[in-house]
Structures are given as structure tokens and as C-alpha cells.
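Engineer:
Numbering (this note's numbering), first residue to last: 169 to 564.
Have a look at this one:
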């Protein structure tokens, strides 16, 4: 039916189709959309399942604390002595070289002792003169003594004779001391070893003028031997004087002995920041000669805990944490832990993990709590708890 509309002024207008057509479109279009949606396949309406993420895990194992530290050093004598002259002069002879064995009382070197011999001769001459004066003074006293009671010698004259005798005696004593000093000085021009040992260094050559106290040869005493090492401060803090050090010859590791720390340098080397430690060797083998290179091994004490790879450590709330896997549900959980110490490739956990738990070591950056995971090395569809995790000792 066609409906005519008129304006207020009485004009006839075109039929009012717009209002009915808009109403029809408003009703029909939603119905068409519903029918089209109903025609979609059923599988497109299902939610997409979250993929099971593969992760690498290790089994947490409690490890004994401590570590074995091995250092390289050399064998030295426990007692090294530098032989030197007590007087200066020109060195005219050195009878030993490096490596020579020296016995007690052996002459090691000599100085030119011409001046010292002259001094001895002069001192002896002075002593002889003093002895002559003493003899004369004694004779005078002996002559005066019997004459004094008879009045042939005055008391003052006799007293002067006694004083001259005593003065002559004092001069003899002084002259004897001078002779002894001169002879000692002459003796000091000959360097004699006061004990057996091996020459390890020389400090002067014949023809040189040396000062008193300058080292001529260095002697390693026979007897005890030390293994000397440069030890880092970290090891010094953990080591104890009671620790036993196993020392082996570098060229033949089968040659071994043991020892204990005998001496520790009180100050670190300013360049290497290490401490010099001397280990007294108990019954060192003959093959461990002076200067031989040796290795020393010592077991340091430490904390007992669970060691995990550094890649397993993450953070939660600003604190260290690790991801653990529930072996039954194969889901992960984030757990805070306490770190006892850091090493080169592992971290020592003191609290927060128990032995036997599965710890994620690879893929920790993309995990979320409760997420399902698959252990690397097990089939994609295998969710059984018997799937073998990677042992901590066999991790590549």
C-alpha cells in the first residue's frame, strides 16, 4: 500500500519507504550473521591448547663441602745462609761454585790480607816492647824491696817503682789485646763455612773489591727442606695450619711426600697479591732436590650444600630463585633460595632446595608458574615421572 504524505503547506510528497526499509535491515542483518556463524566448523570455536615447553633439568644432589686446590712451587732449603767477609778488601780467591757441596770448616774464599798482616806484625812488636818495659819495672821493684826496711831506699822511691811496674803491666795487657784484634782481622780475610751445605748462589768474583757484609756465596744447609708456594688470598682464608699438603714432583708425579705449613709470609706480594707459604717436607725423597719444581695439593674445608649450574639461577622479587619441576604433574614452580657461594660454573645453595628435586637449567627465561613442561630427552607425549633427568655430574 502506498502512503502519501503532505507538507504543512499542503504539498504532496513521495511515499515514505525509508522508515520501513531501515527497520527491516535492522532485523534481518543480525539474523544473517547468526546463520553465518552457525555455519563455521566446530573445531574453530575450541580454544587453542598451550604448547608443552621442553626444558633441561638436573637432579639436586647434596655435595660435600670443600675443594682441592693445587699450586706449583719449588723445593728450597729450610735454612739458607749468606756467607760474607767481616772486613772489606780485594777478593783474590773463591774456592767453590754453584752446586758444590761444602763441609764444615772448608775455606770458601780469601781476601788480600797484606794490610792485616802488617797490622799483626806491628801489634806483636808493640807487645814485645811492653813486655820488656814490664820486665824492667819488675826487676826494679825486686831490687828496692829488700832495701826498703834497712833504709837504703826511700819509701817514695819504692812507691814510684811499684807504680811503674803496674803501668808496664797495663801496657802489656793493652798490647796483647791489640795483637788479638789484629790477628782476628787477619783471620777475617779468610771465609770459612761454619756448617755443611750446598752452594746455591755466588755474589762476587775474584778481583772485585768487596765491602764487609757483602754476600760472597749462598749456602743451603743440609737437613730439612721446604716446598715454597705463592698462595692466593682466597686459599689463605680457607687453609689451616693443621692441613696436610701432598707434594709431588712435577717431572714424576709418582714421587710424593707430605708436609705441613711451617711459615707464612705476613704480607702479600704487592704485584701478585699472593702470600709466600713454606711447607716443611717430611722425609723428602732424594729426587726432590733443591730447586725442583713440585705441585702441592690441599683439601680446603667448605660449606655443605646443593650445587647447581649458574644457568639455573634466576631472580624473584629481587632475590635469588630457581625453577623446580613437579615430577607428578610436570609443572614448574618458582622458588626462592639462599646462595652460600659462587664458583666459576656453579652456585652453592644453602637453603631452599632439597636433594632429589628437579631443577630447570635451560629455558628458565620463558617459564611461568604452573606451566606444563617436557623434560628434554623424553618423547613429546611422555609425561611419566620415570623420564630420566640429566644428572648434575653429566651436564655438558
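Quick reminder that beta carbons are idealized off the backbone N, C-alpha and C, glycines included.
Sorted by chain position, which residues of the same chain lie with C-beta nearer than 6 Å to residue 247's C-beta, five sequence neighbours on each side aside?
Structural biologist: To locate residue 247, count along the chain shown from 1; it is residue 79. Excluding sequence neighbours, residue 247 sits near 389.
Engineer: Could you tell me the alpha carbon to alpha carbon distance between residue 369 and residue 335, rounded to whole angstroms?
Structural biologist: Counting from one through the chain shown, the residue named residue 369 turns up at place 201. Counting from one through the chain shown, the residue named residue 335 turns up at place 167. Approximately 52 Å, taken between the alpha carbons.
Engineer: Relative to the alpha-carbon of residue 360, which residue among 349, 274 and 528 has its alpha-carbon at the smallest distance?
Structural biologist: On the chain shown, position 192 is the one that residue 360 refers to. Looking at the Cα atoms, 274 is the closest of the given residues.
Engineer: Distance, Cα to Cα, residue 544 vs residue 531?
Structural biologist: Your numbering for residue 544 matches position 376 in the chain shown. Your numbering for residue 531 matches position 363 in the chain shown. Roughly 11 Å separates the two Cα atoms.
Engineer: For the alpha helix (DSSP H) that residue 261 lies in, which residues bound it at each end?
Structural biologist: Walking along the chain shown from the start, residue 261 turns up at place 93. Counting along the chain, residue 261 falls outside any alpha helix (DSSP H), though it belongs to the beta strand (DSSP E) covering 257-262.
Engineer: Determine contact between the stretch 427-441 and the stretch 375-388, defined as no fewer than three beta-carbon pairs at a distance below 8 Å.
Structural biologist: The stretch 427-441, when compared against the stretch 375-388, does not touch it at the 8 Å Cβ threshold.
Engineer: Nearest to residue 417 by alpha carbon, out of 348, 452, 331 and 485?
Structural biologist: As a first step, residue 417 is located in the chain shown; it is residue number 249 there, counting from the start. Closest option to residue 417, Cα to Cα, is 452.
Engineer: With DSSP as the reference, label residue 326 as helix, strand or coil.
Structural biologist: Counted from its first residue, the chain shown places residue 326 at position 158. Looking at residue 326 - three-state DSSP - the assignment turns out to be helix.
Engineer: Please list the segments of the alpha helix (DSSP H) lying wholly inside the stretch 282-330, counting only runs of 4 or more residues, in order along the chain.
Structural biologist: Counting only runs of 4 or more, we get 282-315.
Engineer: Between residue 458 and residue 427, is the Cβ-Cβ spacing less than 7 Å?
Structural biologist: Walking along the chain shown from the start, residue 458 turns up at place 290. Walking along the chain shown from the start, residue 427 turns up at place 259. For residue 458 and residue 427, no; Cβs fall outside 7 Å.
Engineer: Determine the direct distance from the alpha carbon of residue 400 to that of residue 381, and round the result to whole angstroms.
Structural biologist: By one-based count along the chain shown, residue 381 stands at place 213. By one-based count along the chain shown, residue 400 stands at place 232. Roughly 35 Å separates the two Cα atoms.
Engineer: Please specify which runs of the beta strand (DSSP E), each continuous and at least 3 residues long, are wholly inside the stretch 357-422, giving them in chain order.
Structural biologist: Complete beta strand (DSSP E) runs here, min 3: 358-360, 365-370, 383-389, 393-400 and 412-417.
Engineer: Between 421, 404 and 465, which has its C-alpha nearest residue 441's C-alpha?
Structural biologist: In the chain shown, counting from the first residue as 1, residue 441 sits at position 273. For residue 441, the nearest C-alpha among the options comes from 404.
Engineer: Run the CB neighbour count on residue 510, radius 10 Å, all protein chains shown included, and call it buried at 16 or more, exposed below.
Structural biologist: Residue mapping note: residue 510 aligns to position 342 of the chain shown, counting from 1. Under this definition residue 510 is an exposed residue.
Engineer: Determine the extent of the beta strand (DSSP E) in which residue 504 is found, giving its start and end residues.
Structural biologist: The sequence position of residue 504 within the chain shown is 336, counting from 1. Here the beta strand (DSSP E) through residue 504 covers 500-504.
Engineer: In whole angstroms, give me the CA-to-CA distance for residue 314 and residue 327.
Structural biologist: Locating residue 314 in the chain shown gives position 146, where the first residue counts as 1. Locating residue 327 in the chain shown gives position 159, where the first residue counts as 1. Cα to Cα, residue 314 sits roughly 13 Å from residue 327.
Engineer: Given residue 502, which residues of its chain have a CB within under 7 Å of its CB, disregarding the five upstream and five downstream residues?
Structural biologist: Here the question's residue 502 lines up with position 334 in the chain shown. If we look at residue 502 and ignore the five residues flanking it on each side, its Cβ neighbours are 484, 489, 491 and 537.
Engineer: If you run the structure through DSSP and keep just helix, strand and coil, what is residue 251?
Structural biologist: The residue you call residue 251 lines up with position 83 of the chain shown. DSSP places residue 251 in strand when its eight states are reduced to three.
Engineer: Roughly how many angstroms separate the alpha carbons of residue 447 and residue 513, rounded to a whole number?
Structural biologist: As a working mapping, residue 447 is identified with position 279 in the chain shown. As a working mapping, residue 513 is identified with position 345 in the chain shown. C-alpha separation (whole angstroms): 31 Å.
Engineer: Beta-carbon within less than 7 Å of residue 252's beta-carbon, same chain only, minus the 5 sequence neighbours each way: which residues are those?
Structural biologist: Numbered from its first residue, the chain shown carries residue 252 at position 84. Closer than 7 Å at the Cβ level, and outside the excluded window around residue 252, lie 381, 382, 383 and 384.
Engineer: Determine the direct distance from the alpha carbon of residue 466 to that of residue 402, and round the result to whole angstroms.
Structural biologist: Within the chain shown, the letter at position 234 stands for residue 402. Within the chain shown, the letter at position 298 stands for residue 466. Going from the Cα of residue 402 to the Cα of residue 466 covers about 13 Å.
Engineer: Given this structure, state the Cα-to-Cα distance separating residue 464 from residue 276, to the nearest angstrom.
Structural biologist: Here residue 464 refers to the residue found at position 296 when the chain shown is read from its first residue. Here residue 276 refers to the residue found at position 108 when the chain shown is read from its first residue. If I take the Cα positions, the gap works out to 35 Å.
Engineer: Mark residue 297 as exposed unless 16 or more other C-beta atoms lie within 10 angstroms of its C-beta, in which case mark it buried.
Structural biologist: Start at 1 with the first residue of the chain shown, and residue 297 comes out as number 129. Under this definition residue 297 is an exposed residue.
Engineer: Could you check which residue in 283, 493 and 474 has the C-alpha nearest to that of residue 520?
Structural biologist: Residue 520 sits at position 352 when you count from the first residue of the chain shown. Taking only the C-alpha atoms, the option nearest residue 520 is 474.
Engineer: With a CB to CB cut of under 6 Å and the five nearest residues on each side skipped, what residues in its chain are close to residue 516?
Structural biologist: Here the question's residue 516 lines up with position 348 in the chain shown. Taken in chain order, the residues that qualify are 473, 475, 508 and 509.
Engineer: Can you tell me whether DSSP reads residue 441 as helix, strand or coil?
Structural biologist: The residue you call residue 441 lines up with position 273 of the chain shown. Coil.
Engineer: Grab me the residues of residue 565's own chain with a C-beta within less than 7 Å of its C-beta, minus the 5 sequence neighbours each way, in chain order.
Structural biologist: Past the edges of the chain, shown from 169 to 564, lies residue 565, and the structure says nothing about it.
Engineer: With burial defined as no fewer than 16 other Cβ atoms inside 10 Å of the residue's Cβ, what is the status of residue 486: buried or exposed?
Structural biologist: Start at 1 with the first residue of the chain shown, and residue 486 comes out as number 318. Residue 486 is exposed by the Cβ-count criterion.
Engineer: Give me, in chain order, the residues of the same chain whose beta-carbon lies closer than 8 Å to that of residue 411; leave out the 5 immediate sequence neighbours on both sides.
Structural biologist: One-based indexing of the chain shown puts residue 411 at position 243. These residues qualify, in order along the chain: 428, 429, 466, 467 and 468.
Engineer: When you compare each of 230, 477, 493 and 223 to residue 523 by their alpha carbons, which one comes out closest?
Structural biologist: Position 355 of the chain shown holds residue 523. Closest by alpha carbon: 230.
Engineer: Are the stretch 304-322 and the stretch 289-296 in contact at 8 Å, needing three or more beta carbon pairs?
Structural biologist: In short, these stretches do not touch, since the Cβ pair count stays below three.
Engineer: Below 8 Å on the Cβ atoms is my contact criterion, and I expect residue 529 with residue 221 to pass it. Report the Cβ-Cβ distance as a whole number of Å.
Structural biologist: Your numbering for residue 529 matches position 361 in the chain shown. Your numbering for residue 221 matches position 53 in the chain shown. The Cβ separation is near 14 Å, so there is no contact.
Engineer: Span of the beta strand (DSSP E) holding residue 527?
Structural biologist: Mapped onto the chain shown, residue 527 falls at position 359. Note, residue 527: beta strand (DSSP E), 526-530.
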